[in-house]
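Numbering (the working numbering), first residue to last: 1362 to 1524. Step one of this worksheet: look at the structure below.
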């Protein structure tokens, strides 16, 4: 197995570990729903978008292969840069103290990405016959992740409204 393929496979494990860590620390350190959301969202988005972006830039062929796609370098590079921008934005919101509404904005963009990406993977599996296990699991995992982020976000917004 070559180095790039190994890294690309490792990234698939980093993502769920990062999601679990984001939720764990949000629950451990957050004293209010707002604090929990403001911990969970930037970590989760930075891990997810960051790994998507880095994989797209440096391990694009390997990432495409595990999804059953052929690589389009120009498009993949552009998508990778958008993902890195989203990851950086998610980290900047708390650093620059833009507040819950700034984090809700970044989280909403990320959830739209997840929705459209999951739908695209589902379409690819059904209409194009791309039945790789990674491709088949992406719609379900994307929609579950949206539900989790929405839960935290709506709890935080409800809490803010009650203040």
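Beta carbons are placed, not taken as given, at the ideal position from N, Cα and C, and that holds for glycine.
Query	Result
Quick one, are the C-beta atoms of residue 1513 and residue 1397 less than 8 Å apart?	yes
Tell whether a beta-carbon distance below 8 Å holds between residue 1463 and residue 1504.	no
Per the contact definition of three or more C-beta pairs closer than 8 Å, is the segment 1490-1497 in contact with the segment 1443-1451?	no
Please state whether DSSP places residue 1458 in a helix, a strand or coil.	coil
One question on the structure: do residue 1424 and residue 1498 come within less than 8 Å of each other, judged by their Cβ atoms?	no
Considering only residues of the segment 1413-1490, which uninterrupted alpha helix (DSSP H) runs meet the minimum length of 4 residues and lie entirely inside it, listed in chain order?	1421-1428, 1434-1456 and 1460-1488
Check whether the Cβ atoms of residue 1442 and residue 1414 sit closer than 8 Å, and answer yes or no.	yes
Can residue 1520 and residue 1394 be called in contact, C-beta distance under 8 Å?	yes
How would you call residue 1456, buried or exposed, if buried means at least 16 neighbouring beta carbons within 10 angstroms?	exposed
Quick check on the burial criterion: 16 or more other C-beta atoms within 10 angstroms. Buried or exposed for residue 1501?	exposed
Just to confirm, is the Cβ distance from residue 1330 to residue 1401 under 8 Å?	In the structure as shown, the chain starts at 1362 and stops at 1524, and residue 1330 therefore has no counterpart that could be examined.
If you compare alpha carbons, which of 1390, 1406, 1524 and 1373 is closest to residue 1416?	1373
Quick one: measure Cβ to Cβ for residue 1428 and residue 1496, integer angstroms, because I've assumed they're closer than 8 Å.	5 Å
Can you give the Cα-Cα distance for residue 1435 and residue 1422, rounded to whole angstroms?	12 Å
If you run the structure through DSSP and keep just helix, strand and coil, what is residue 1524?	coil
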